[in-house]
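Participant:
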Amino acid sequence: MPDNGYIYAVARIRTKELQLLTASFLEQLLAAPSEEQCLRLLREHGWDGESHDADKMLAQERRKTWSLIGELVPDLSVFHVFLYQYDYHNLKAAVKESCRSGIHPGIFLEYGTIPSATIQKATDSRNFSLLPERMRQTAKVAMDTLLRTRDGQMCDCIIDRAALTEIGRAGKESHEEVLSLYGELTVATADIKTAYRAARTQKDHAFLERSLAPCDTLEISGLESAALKGPDAVCSFLGSTPYAEAAPKLKTSPAVFECWCDNLLIRSIRPQIHNPFGLGPLAAYILARESEIKTVRIILSGKRNGLSAESIRERVREPYV
Amino acid sequence: MSMNSFGIFFALLGAVLAALLSGIGSAKGVGMAGQAAAGVCTEDPSKFSKVLILQLLPGTQGIYGLLIAFLTMTQIGVMGGNPDISLVKGLLYFAACLPMIVVGPVSAIHQAKAAVASINMVAKKPEQFGKAMIFPAMVETYAILALLISILAIYGISAIKI
């Protein structure tokens with residue numbers, strides 16, 4: 001659809017952006033004495049949910065975002081790049097459940113592009129033709145590997161790499177700035193995290209080969225070599241890439257690095273606030289909503305577990321507005 | 322049929338194209354701004370009056386095109402009088418209509434884009450409505466300049482004896 005096709009949608013999103021959580025509202029949440037108080041503030045702000053159920057409230061907010069986008073965009077497949085991670089999560093869960101006896105309720109996520117029941121049926125019956133073509137080979141290889149080696153981590157690596165490759169490809173093929181940026185940043189930051197963790201746990205070359213997905217802004221062979229030398233080598237390798245800021249964050253803690261990754265994405269998409277045309281502002285709004293839901297989840301769980309405001313604050317993501 | 326018979330054809334062609342193309346440009350422009358206005362009003366109907374004014378801004382080129390067409394047709398005698406004008410005079414009328422034929426639709430589309438951006442601005446900061454009005458209104462300047470030149474040329478040609 002040409003840019004002009006989204007004029008109505010972007011104008012509606014502009015008004016919706018007024019309801020996004022601001023930095024000052026997040027400070028209010030941080031200053032609230034309890035989770036209960038946070039939920040009350042969120043309800044006053046217009047978030048739905050029942051008084052004691054934070055998860056229901058967050059799930060409802062997520063549904064609201066996708067229902068709004070569904071109203072505005074006739075073909076939601078343009079945003080599937082955001083949902084592939086859930087498909088592959090469900091594939092991981094289904095493969096493991098099929099290889100082990102018993103039923104494990106609550107392991108599937110509802111947000112993917114394929115119903116989790118379909119994935120479950122495909123892995124239970126070993127009929128991978130029920131899955132989309134992009135997932136068939138991955139599902140087969142992951143299942144064979146798990147049955148042969150009983151190595152759950154190796155199975156995870158295979159599926160995670162396939163998910164990242166798919167996200168990167170879908171981002172690039174969308175020819176939409178925000179979506180390709182999302183794909184690229186998702187793959188690059190996941191590769192950095194994997195390489196650093198592999199360096200710390202002294203994983204071998206085969207593991208890295210299996211885990212790192214290709215991307216444009218990182219030279220994967222260089223990252224692999226650095227990971228084989230150790231965590232410091234990974235940090236110094238990052239110094240020569242666009243992700244130089246990641247090195248000190250990695251050294252601090254995985255949580256701080258995760259927060260930096262999310263903030264990097266939000267900063268990269270922020271120019272869309274001023275863009276009146278095209279799909280970009282809609283994609284940016286979805287990412288902004290996902291990010292604020294994640295932030296609220298962090299604050300609520302911090303409050304529930306009695307963490308200090310300072311300790312929660314360092315995990316709070318930058319708001320989009 | 323003498324070559325002079327083509328005079329009235331070219332003059333009328335100029336008049337018709339001025340109304341036609343400016344009208345198309347304005348229709349497209351008002352439509353674009355209307356989509357943005359509807360988007361804002363879906364979420365916040367209280368902004369209706371503000372976004373309506375912004376929506377109407379790209380509509381003026383259509384009116385200017387109509388004015389030029391009307392003036393030309395009056396001058397060449399299509400709407401009463403003697404429609405017998407020379408080929409050169411007909412071509413001159415066509416040339417006089419050209420500023421509106423070209424600038425009308427182009428400025429309407431560009432003004433619509435500015436109006437859409439301004440409507441988005443009003444959606445977030447309604448108190449900045451005055452400033453939001455100025456951005457698309459600046460594009461109007463060039464439509465008015467084209468209108469002026471076309472009017473002056475049409476009246477100037479009528480005084481020329483050829």
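In order, the protein sequences belong to chains P and U. FYI, my numbering numbers position 212 of the first sequence as 212, with every residue one higher than the one before it. Count along the second sequence from 1, add 321, and you get the number used in my numbering. The C-beta atom is built at its ideal place from N, Cα and C for all residues, glycine as well.
Pull out every residue of the segment 339-370 of chain U whose Cβ sits closer than 7 angstroms to any Cβ of chain B, in chain order.
Facilitator: Although the question refers to chain B, the structure presented lacks it and instead comprises the protein chains P and U.
Participant: Span of the alpha helix (DSSP H) holding G102 (chain P)?
Facilitator: In the first sequence, residue 102 (chain P) corresponds to position 102, counting from 1. Note, G102 (chain P): premise wrong, no alpha helix (DSSP H); not H, not E.
Participant: Less than 8 angstroms between C-beta atoms, sequence neighbours within five positions excluded: which residues of the same chain meet that for V10 (chain P)?
Facilitator: Along the first sequence, one-based indexing puts residue 10 (chain P) at 10. Hits under 8 angstroms: N275, P276, F277, G278, P281 and L282.
Participant: Beta-carbon of V437 (chain U) versus every beta-carbon of chain P: anything under 8 angstroms?
Facilitator: What you label residue 437 (chain U) is simply residue 116 of the second sequence in a count that begins at 1. By this cut-off, V437 (chain U) is an interface position.
Participant: By alpha-carbon positions, which one of P:T201, P:E173 and P:I192 ends up nearest to G222 (chain P)?
Facilitator: For the purposes of this step, residue 222 (chain P) is taken as residue 222 along the first sequence, with counting starting at 1. With distances taken between Cα atoms, G222 (chain P) lies closest to P:I192.
Participant: Using a 10 Å radius around the Cβ and a threshold of 16 neighbouring Cβ atoms, would you call N127 (chain P) buried or exposed?
Facilitator: Sequence index remark: in the first sequence, residue 127 (chain P) carries index 127 (1-based). Result: exposed.
Participant: Assuming the contact rule is C-beta atoms closer than 8 angstroms, A213 (chain P) and T165 (chain P) should be a hit. Round their C-beta distance to whole Å, please.
Facilitator: Stepping through the first sequence from its first residue, residue 213 (chain P) is reached at position 213. Stepping through the first sequence from its first residue, residue 165 (chain P) is reached at position 165. Between T165 (chain P) and A213 (chain P) the Cβ distance is about 5 angstroms, and since that is below 8 angstroms, they are a contact.
Participant: Nearest to I455 (chain U) by CA position, among U:A436, U:N441 and U:S471, is which residue?
Facilitator: Residue 455 (chain U) sits at position 134 when you count from the first residue of the second sequence. The candidate whose alpha carbon is nearest that of I455 (chain U) is U:A436.
Participant: When the Cα atoms are used, what is the spatial distance from G350 (chain U) to P379 (chain U)?
Facilitator: Locating residue 350 (chain U) in the second sequence gives position 29, where the first residue counts as 1. Locating residue 379 (chain U) in the second sequence gives position 58, where the first residue counts as 1. Roughly 5 angstroms separates the two Cα atoms.
Participant: Can A170 (chain P) and Y285 (chain P) be called in contact, C-beta distance under 8 angstroms?
Facilitator: Here residue 170 (chain P) refers to the residue found at position 170 of the first sequence. Here residue 285 (chain P) refers to the residue found at position 285 of the first sequence. No; because the gap between Cβ atoms is not below 8 angstroms, this pair is not in contact.
Participant: With M154 (chain P) and L91 (chain P) assumed to form a contact (beta carbons below 8 angstroms), what rounded beta-carbon distance in angstroms separates them?
Facilitator: Translated into the one-based positions of the first sequence, residue 154 (chain P) becomes position 154. Translated into the one-based positions of the first sequence, residue 91 (chain P) becomes position 91. Rounded, the Cβ-Cβ distance is 15 angstroms, inconsistent with contact.
Participant: Do A464 (chain U) and A354 (chain U) come within 8 angstroms of each other at the CB atom, strictly closer than that value?
Facilitator: Looking up residue 354 (chain U) in the second sequence gives position 33. Looking up residue 464 (chain U) in the second sequence gives position 143. Against a cut-off of 8 angstroms, the Cβ pair of A464 (chain U) and A354 (chain U) comes out as no contact.
Participant: Measuring straight from C-alpha to C-alpha, what distance separates H65 (chain P) and T113 (chain P)?
Facilitator: Position 65 of the first sequence holds residue 65 (chain P). Position 113 of the first sequence holds residue 113 (chain P). Position check: residue 65 (chain P) holds Thr in this sequence, whereas His was assumed. Answer to the nearest angstrom: the Cα atoms are 16 angstroms apart.
Participant: Compute the beta-carbon to beta-carbon distance between F327 (chain U) and Y414 (chain U), rounded to the nearest angstrom, for a pair I have assumed lies under 8 angstroms.
Facilitator: Residue mapping note: residue 327 (chain U) aligns to position 6 of the second sequence, counting from 1. Residue mapping note: residue 414 (chain U) aligns to position 93 of the second sequence, counting from 1. In fact, because the Cβ distance is near 12 angstroms, the residues do not count as touching under 8 angstroms.
Participant: Only counting the same chain, and skipping five residues up and downstream in sequence, which positions put a Cβ closer than 6 angstroms to that of Y88 (chain P)?
Facilitator: What you label residue 88 (chain P) is simply residue 88 of the first sequence in a count that begins at 1. I159 and A163, listed in sequence order.
Participant: State the DSSP-derived secondary structure class of M273 (chain P), mapped to helix, strand or coil.
Facilitator: For the purposes of this step, residue 273 (chain P) is taken as residue 273 along the first sequence, with counting starting at 1. It is worth fixing the name first, because residue 273 (chain P) is Ile in this sequence and not Met. I273 (chain P): helix per DSSP, three-state reduction.
Participant: Of the residues that make up the segment 431-460 of chain U, which ones have a beta carbon closer than 7 angstroms to any beta carbon in chain P?
Facilitator: Those residues of the segment 431-460 of chain U that come within reach of chain P (Cβ to Cβ, closer than 7 angstroms) are V437, A438, I440, N441, A444 and K445.
Participant: What separation, rounded to the nearest whole angstrom, lies between the Cα atoms of W260 (chain P) and L185 (chain P)?
Facilitator: Numbered from 1 along the first sequence, position 260 holds the residue referred to as residue 260 (chain P). Numbered from 1 along the first sequence, position 185 holds the residue referred to as residue 185 (chain P). C-alpha separation (whole angstroms): 12 angstroms.
Participant: Quick one: does Q282 (chain P) have its CB under 8 angstroms from some CB of chain U?
Facilitator: Residue 282 (chain P) sits at position 282 when you count from the first residue of the first sequence. Correcting the residue type first, residue 282 (chain P) is Leu in the shown sequence and not Gln. Cβ-Cβ to chain U under 8 angstroms: no for L282 (chain P).
Participant: Alpha helix (DSSP H) containing M324 (chain U): first to last residue?
Facilitator: Along the second sequence, one-based indexing puts residue 324 (chain U) at 3. No alpha helix (DSSP H) holds M324 (chain U); DSSP gives it neither H nor E.
Participant: If I follow the unbroken alpha helix (DSSP H) through C215 (chain P), where does it start and stop?
Facilitator: Your numbering for residue 215 (chain P) matches position 215 in the first sequence. Taken as a continuous stretch (DSSP letters only), C215 (chain P) belongs to no alpha helix (DSSP H), as it is neither H nor E.
Participant: Report buried or exposed for Y385 (chain U), applying the criterion of at least 16 other Cβ atoms within 10 angstroms of its Cβ.
Facilitator: The residue you call residue 385 (chain U) lines up with position 64 of the second sequence. The residue is buried, with at least 16 neighbouring Cβ atoms inside 10 Å.
Participant: Is it true that the CB of I266 (chain P) sits closer than 8 angstroms to the CB of V178 (chain P)?
Facilitator: Counted from its first residue, the first sequence places residue 178 (chain P) at position 178. Counted from its first residue, the first sequence places residue 266 (chain P) at position 266. Cβ distance not < 8 angstroms, so V178 (chain P) and I266 (chain P) don't count as in contact.
Participant: How far does the alpha helix (DSSP H) with V73 (chain P) in it extend, from its first residue to its last?
Facilitator: If you number the first sequence from 1, residue 73 (chain P) lands on position 73. Taken as a continuous stretch (DSSP letters only), V73 (chain P) belongs to no alpha helix (DSSP H), as it is neither H nor E.
Participant: Going by beta-carbon coordinates alone, are P404 (chain U) and G411 (chain U) separated by less than 8 angstroms?
Facilitator: For the purposes of this step, residue 404 (chain U) is taken as residue 83 along the second sequence, with counting starting at 1. For the purposes of this step, residue 411 (chain U) is taken as residue 90 along the second sequence, with counting starting at 1. No; because the gap between Cβ atoms is not below 8 angstroms, this pair is not in contact.
Participant: Suppose contacts are defined by Cβ-Cβ distances below 8 angstroms. Is P319 (chain P) in contact with L58 (chain P) by that definition?
Facilitator: By 1-based counting over the first sequence, the position of residue 319 (chain P) is 319. By 1-based counting over the first sequence, the position of residue 58 (chain P) is 58. Taking 8 angstroms as the Cβ cut-off, P319 (chain P) and L58 (chain P) do not qualify as a contacting pair.
Participant: If we define contact as Cβ-Cβ less than 8 angstroms, is Y285 (chain P) a contact residue for chain U?
Facilitator: If you number the first sequence from 1, residue 285 (chain P) lands on position 285. So no, Y285 (chain P) is outside the interface.
Participant: Whose C-beta lies closer than 7 angstroms to the C-beta of K172 (chain P) among residues of the same chain, with five residues either side of it excluded?
Facilitator: In the first sequence, counting from the first residue as 1, residue 172 (chain P) sits at position 172. Counting only Cβ-Cβ distances below 7 angstroms, and skipping sequence neighbours, we find S180 and G183.
Participant: For the putative contact between R12 (chain P) and G360 (chain U), defined by C-beta atoms under 8 angstroms, what is the C-beta separation to the nearest angstrom?
Facilitator: Mapped onto the first sequence, residue 12 (chain P) falls at position 12. Mapped onto the second sequence, residue 360 (chain U) falls at position 39. Yes, they are in contact, since the Cβ atoms of R12 (chain P) and G360 (chain U) sit about 4 angstroms apart, within 8 angstroms.
Participant: State the DSSP-derived secondary structure class of A255 (chain P), mapped to helix, strand or coil.
Facilitator: Position 255 of the first sequence holds residue 255 (chain P). In this structure, A255 (chain P) counts as helix in the three-state DSSP scheme.
Participant: Would you give the residue range spanned by the alpha helix (DSSP H) that K371 (chain U) belongs to?
Facilitator: For the purposes of this step, residue 371 (chain U) is taken as the residue at position 50 of the second sequence. Where K371 (chain U) is concerned, the enclosing alpha helix (DSSP H) stretches over F369 to L377.
Participant: In whole angstroms, what is the alpha-carbon distance linking L408 (chain U) and S343 (chain U)?
Facilitator: Here residue 408 (chain U) refers to the residue found at position 87 when the second sequence is read from its first residue. Here residue 343 (chain U) refers to the residue found at position 22 when the second sequence is read from its first residue. L408 (chain U) and S343 (chain U): Cα-Cα distance of roughly 25 angstroms.
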